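S.K.:
See below:
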């Protein structure tokens, strides 16, 4: 079994396990709901947390599926995202897929280097001259950095106000098929934008 297949299988198994656990809990709740002496409010909150975790696992699984045909460095990329998320370093990364992006990427500093996690993470180190803009990855190369992306008109997502990075990620994803990965420097939460929608990236254990 190839490493990619093994990694996908692990995520899929974790997701399946979580969904089965949710199914079991729902079955249990259905048996208790007619008993007014059993208050399910606290347990429903726990179920909601399980659903959120399952959504994050599914997001991680599908992100790998979306990235793997376009870069062999996707595991290194995701590892870097995890490190940057833990440090709460603000991140904006564009992974080019089929659509040309020249019409949507403003400014930018040419890098043209083979992808490495250390190079990518150094770009987003606070105080780096390139850390505020978006990095462009195509195939297995870091093409350029410090790009300005078009902003989405959407300002709120899931009752949360969107910052500039998230609006930029959504804005580009509304115009092309690129995957745009973003990390909030306020919360460290990692997400990716695709086709005008934003998805939280989970950290499977």
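Residue numbers (this note's numbering): 8 to 212.
The C-beta atom is built at its ideal place from N, Cα and C for all residues, glycine as well.
Keep in mind it's a predicted model, so treat the numbers as computed, not measured.
When burial is assigned at 16 or more other CB atoms within 10 Å of the CB, is residue 174 buried or exposed?
M.R.: buried
S.K.: Considering only their Cβ atoms, is the gap separating residue 34 from residue 77 smaller than 9 Å?
M.R.: Their beta carbons are not under 9 Å apart, which means residue 77 does not touch residue 34 by this criterion.
S.K.: For residue 24, I'd like the list of residues in its chain whose CB is within less than 6 Å of its CB, leaving aside the five on either flank, ordered along the chain.
M.R.: Contacts found: none.
S.K.: When DSSP builds the beta bridges, which residues end up paired with residue 161?
M.R.: Paired residues: none, contrary to the question.
S.K.: Pull up the distance between the alpha-carbon of residue 133 and that of residue 151, whole angstroms please.
M.R.: 18 Å
S.K.: Using the Cβ count rule (16 or more neighbours within 10 Å means buried), how would you classify residue 190?
M.R.: Buried, because 16 or more other Cβ atoms sit within 10 Å of the Cβ of residue 190.
S.K.: Can you check whether the CB of residue 137 is closer than 9 Å to the CB of residue 144?
M.R.: no
S.K.: What three-state label does DSSP hand residue 138 in the structure shown?
M.R.: coil
S.K.: Within its chain, find whatever has a CB closer than 8 Å to the CB of residue 55; leave out the 5 residues flanking it on each side and keep chain order.
M.R.: none
S.K.: Between 72, 142, 114 and 113, which lies nearest to residue 120 when the distance is taken from Cα to Cα?
M.R.: 142
S.K.: Given residue 126, which residues of its chain have a CB within under 7 Å of its CB, disregarding the five upstream and five downstream residues?
M.R.: 120 and 149
S.K.: Cβ of residue 21 within 9 Å of Cβ of residue 51?
M.R.: Taking a C-beta distance under 9 Å as the contact criterion, residue 21 and residue 51 do not qualify as a contact pair.
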